[in-house]
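Asks:
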Amino acid sequence: MATTTARAAAAAGSSQGAMATPWQTEAAPLAAGATPATVSYERVGVMVNLKPYSLRNGTPDDIEPYLLTAAIPARYHWVPINGAAPQDALRCVDGYIKSYLYKLQPAGAAPAAEVAARLRKEAIALGICRAVMSANFELLPADINPQELAAPVLSVEFNGEGIPAYTALVAANSEHAALLTANLNLTADELEVVKVLARSAQAIIPVQGLNIITDGHHYLSDKAKQSYKSFLAVERQVWMGDAFKAWVAADENDMRDVIWHKAGHPVAVALKESAATSSEVKANLEAAKMGSAAARLPALESDLRAADTYLKLAQAVDAVWSTMGGRVDYECIRFRVAMVRALPRTNEEFAAPMTMGEGVSVTSRAAAVNVLKSTVMKNSAKAAVLYGFYCTMLEMGTTDMTAAASDTLRSAHSLKKLRANDLASYTLGSELYRDYRAMRAAARRAAERQMPSIVLEG
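Residue numbers for the sequence shown follow UniProt numbering, so the first one is 1 and each next one is one higher.
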């Protein structure tokens with residue numbers, strides 16, 4: 001937006017323009033001898049950590065979305081055990097379960113038996129999952145969102161044999177203190193449940209990171225959402241055994257929310273995204289036999305994933321297209337996808353602008369992903385032609401496919417919507433495949449139709 005003369009004059013005294021120009025307006029004077037009131041500063045952490053930028057005069061490179069994650073209820077906040085290092089967490093699972101059993105209790109009279117049973121299930125789920133996450137991801141206080149970190153109710157020391165000895169950090173006569181001192185007496189069925197929860201917990205941090213990157217949410221119960229489907233894949237691998245199925249069945253949706261959403265919610269988003277984009281975490285999950293989680297990693301932004309799908313489609317079709325004199329030039333999109341894949345996931349700007357070809361330069365990963373977004377949009381009609389060719393190739397027989405072609409492309413979300421959005425281009429691609437078949441059948445004669453060249457532009 002254009003800056004008015006008055007605004008320009010007001011900002012003239014600042015080296016950073018209007019954004020750094022302090023307000024100075026007339027205030028009502030105090031009465032003679034009056035003392036100004038003292039106003040203390042209260043740090044509102046969720047706001048002061050946000051980056052101020054101008055939607056009025058800024059550029060897209062400056063923008064960092066204000067994705068303020070809704071906090072979970074206080075009773076689900078992370079409760080640490082003082083004295084327990086990440087390497088001790090698995091030995092202290094009883095202490096974690098007791099901590100959450102204490103934390104989850106409502107104030108006042110003891111809950112009804114049905115409510116008490118549900119709270120015990122939630123405490124077991126939170127205790128096991130957070131103990132495993134603490135051990136597997138070496139969680140320390142800095143890895144937990146401060147606003148979702150509760151005070152500990154237990155501390156622990158270990159004897160010479162490594163056996164924990166707990167001390168309650170609440171008064172013995174305080175409400176619900178008996179829950180910390182009483183034995184859990186886990187049943188045989190609950191011990192089977194513990195095994196399933198321990199495996200499930202290994203997926204929580206990286207899959208939540210994946211969901212935040214691709215869907216913008218930790219977990220949604222909507223079965224149509226990717227954040228639901230990504231954890232459903234883990235369930236299908238891990239949620240086995242009659243004991244666990246019976247345990248989870250009565251409160252299935254609520255327990256899904258506790259395990260897949262609340263258990264990992266307090267962990268810092270930056271750690272989740274780092275785990276989701278790490279090739280090392282993917283390899284470690286595979287070694288842990290958690291293929292259902294590893295298969296979706298490393299995570300890609302939706303625009304990067306769409307560009308990568310366009311690239312794979314172009315490579316698959318070109319293998320056939322080029323045999324009849326056509327050409328699919330995908331070098332620009334290949335270069336840009338490779339550049340973004342190599343960039344670190346950070347909100348910080350680069351020391352120097354990075355070129356993405358065609359005279360385009362960027363100063364951050366977010367800006368580079370935006371370039372890919374525009375690249376995908378610019379080439380959508382051409383990709384629809386390629387997709388029509390590819391789908392018809394599958395429908396009319398796989399004998400024309402090469403090793404580069406894969407049926408997984410046919411169901412890719414970014415490609416499926418091309419048919420609905422640009423049916424004409426899709427139909428042209430389908431016709432071109434039929435022409436290709438005709439030209440092959442008449443290979444000893446001069447082809448009547450030359451395959452066109454398609455250049456995916458930057």
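Where is the CB? At the ideal position from N, CA and C, for every residue including glycine.
(1) Should S453 go down as buried or exposed, given a rule of 16 or more other Cβ atoms within 10 Å for buried?
(2) Quick check: what's the CA-CA separation for G325 versus L456?
(3) Assuming contact is defined by CB atoms lying nearer than 8 Å, are A131 and V93 in contact in what I supplied?
(4) If we require 4 or more residues per run, which alpha helix (DSSP H) segments fall completely within the stretch 342 to 423?
(5) Would you tell me roughly how many angstroms separate the C-alpha atoms of G216 and G429, rounded to the nearest one?
(6) Which runs of the alpha helix (DSSP H) fall wholly inside the stretch 141 to 181 and span at least 4 residues, in chain order?
(7) Name the residue from H77, A107, A109, K417 whose alpha carbon lies nearest to the alpha carbon of Y96.
(8) Alpha carbon to alpha carbon, how far is Y100 from C129? Give it in angstroms, no decimals.
(9) Judging by CA-CA distance, which residue of T25, H413, T187, L126 is the nearest neighbour of G264?
(10) Would M290 be called buried (16 or more neighbouring beta carbons within 10 Å of its own) or exposed?
(11) Count the other C-beta atoms from every protein chain shown that fall within 10 angstroms of the C-beta of S14, then say buried if there are 16 or more, exposed otherwise.
(12) Are there 16 or more other CB atoms within 10 angstroms of the CB of A383, so buried, or fewer, so exposed?
(13) On the DSSP bridge list, what partners appear for R327?
(14) Buried or exposed for R296, please, with buried defined as at least 16 other CB atoms from any protein chain shown within 10 angstroms of its CB.
(15) Starting from the C-beta of P111, find all residues in its chain whose C-beta is less than 8 Å away, skip the five residues before and the five after it, and write them out in chain order.
(16) Does the structure place the stretch 220 to 230 close enough to the stretch 316 to 323 that three or more beta carbon pairs sit under 8 Å?
(17) Please identify the residue among V340, K245, T214 whose C-alpha is closest to the C-alpha of H413.
(18) With 16 other CB atoms within 10 Å as the buried threshold, where does A442 fall?
(19) How would you label A404, buried or exposed, when you count the other beta carbons within 10 angstroms and need 16 or more for buried?
(20) Helix, strand or coil: how does DSSP classify W260 here?
(21) Kindly identify the DSSP beta-bridge partner or partners of N82.
(22) Would you list the residues sitting across from V267 in a DSSP beta bridge?
(23) Quick check: the Cα distance between R256 and A123, rounded to an integer number of angstroms?
(24) Between A171, R199, T277, K51, which lies nearest to A287 when the distance is taken from Cα to Cα?
(25) Counting along the chain, where does the alpha helix (DSSP H) carrying T214 start and finish?
(26) Thinking C-alpha only, which one of L415, A367, A168, K416 is nearest T59?
(27) With three or more beta-carbon pairs closer than 8 Å as the criterion, would you say the stretch 378 to 397 touches the stretch 408 to 425?
(28) Using only the alpha-carbon positions, how far apart do A151 and Q87 sit?
(29) Could you say which of D303, A116, W23, R345 lies nearest to K272 if we only look at CA atoms?
(30) Quick test of the definition: if touching needs 3 or more C-beta pairs under 8 Å, does the stretch 369 to 387 touch the stretch 300 to 317?
(31) For T181, count neighbouring Cβ atoms within 10 angstroms of its own Cβ and tell me buried if that reaches 16, exposed if not.
(32) Which term fits T277, buried or exposed, when burial requires 16 or more other beta carbons within 10 angstroms of its beta carbon?
(33) Under three-state DSSP, which class holds I128?
(34) DSSP on E286, reduced to helix/strand/coil?
(35) Can you give me the C-alpha to C-alpha distance between M354 and S361, rounded to a whole angstrom?
Replies: To lay it out plainly:
(1) exposed
(2) 17 Å
(3) Cβ distance < 8 Å, so A131 and V93 count as in contact.
(4) 365 to 378, 380 to 395, 413 to 421
(5) 34 Å
(6) 178 to 181
(7) A check of alpha carbon separations from Y96 across H77, A107, A109, K417 identifies H77 as the nearest.
(8) Rounded to the nearest angstrom, the two C-alpha atoms are 12 Å apart.
(9) L126
(10) buried
(11) Caution applies to S14, whose pLDDT of 47 falls short of 50 and renders its modelled position unreliable; the model cannot decide the point.
(12) buried
(13) Under DSSP, R327 forms a beta bridge with S453.
(14) When all chains shown are included, R296 counts as buried.
(15) Q105, L119
(16) Verdict: no, contact absent.
(17) T214
(18) By the neighbour-count rule (16 or more Cβ atoms within 10 Å), A442 is not buried but exposed.
(19) The predicted model places A404 with a pLDDT of 38, which falls under 50 and marks its position as unreliable; any figure quoted below should be read in that light. Its Cβ having fewer than 16 others within 10 Å, A404 is exposed.
(20) helix
(21) In DSSP, N82 forms a bridge with S155.
(22) Paired residue(s): I144.
(23) 14 Å
(24) Checking every option, the nearest Cα to that of A287 belongs to R199.
(25) Run containing T214: 188 to 215, per the alpha helix (DSSP H) assignment.
(26) A367
(27) yes
(28) 21 Å
(29) Nearest C-alpha to K272: R345.
(30) With a cut-off of 8 Å on Cβ pairs, the stretch 369 to 387 is in contact with the stretch 300 to 317, counting three or more such pairs.
(31) exposed
(32) The residue in question, T277, is buried, as its Cβ has 16 or more Cβ neighbours within 10 Å.
(33) Helix at I128.
(34) Helix, per DSSP.
(35) Rounded to whole angstroms, M354 and S361 show a C-alpha spacing of 5 Å.
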